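**Q**
Numbering (my numbering), first residue to last: 68 to 162.
(1) Under the three-state reduction of DSSP, which class applies to residue 112: helix, strand or coil?
(2) By how many angstroms is the C-alpha of residue 107 removed from the C-alpha of residue 115?
(3) Classify residue 81 as buried or exposed, calling it buried when 16 or more other Cβ atoms lie within 10 Å of its own Cβ.
(4) Over what stretch of residues does the beta strand (DSSP E) that includes residue 76 continue unbroken?
(5) Compare the Cα-Cα distances from residue 75 to each of 147, 159 and 121 and report the closest residue.
(6) Pull up the distance between the alpha-carbon of residue 161 and that of residue 111, whole angstroms please.
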């Protein structure tokens, strides 16, 4: 089993969550604030079996907002649509 931590912009979090739910994947949403990000971001916790991991990542990629070009104000790099971490899960329990 894997735990996907997907950090997406707040404006696209609902689209990503809806698409993941439509595939039968459960999502826990954690809102975060702070000056580091300079705009609203949401962390999505997605538990998936290994055979569904690639599909979950495809959904995040497809629904995390449009690809944006870097502007002179942003420097050389375009803004990230999503930052994703995939962690191994040894075990989990539901109570």
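Think of the CB as a built atom: it goes at the ideal place given N, C-alpha and C, for glycine as much as any other residue. Values in this document were obtained by computation on a predicted structure and should not be read as measured data.
**A** On the basis of the coordinates in this document:
(1) By 1-based counting over the chain shown, the position of residue 112 is 45. Three-state DSSP puts residue 112 in a strand.
(2) Numbered from 1 along the chain shown, position 48 holds the residue referred to as residue 115. Numbered from 1 along the chain shown, position 40 holds the residue referred to as residue 107. C-alpha separation (whole angstroms): 25 Å.
(3) Start at 1 with the first residue of the chain shown, and residue 81 comes out as number 14. By the neighbour-count rule (16 or more Cβ atoms within 10 Å), residue 81 is not buried but exposed.
(4) Start at 1 with the first residue of the chain shown, and residue 76 comes out as number 9. Its beta strand (DSSP E) spans residues 69–76.
(5) Residue numbering aside, residue 75 sits at position 8 when the chain shown is read from its first letter. The shortest C-alpha separation from residue 75 is found at 147.
(6) What you label residue 161 is simply residue 94 of the chain shown in a count that begins at 1. What you label residue 111 is simply residue 44 of the chain shown in a count that begins at 1. Near 18 Å, if we compare the C-alpha coordinates of residue 111 and residue 161.
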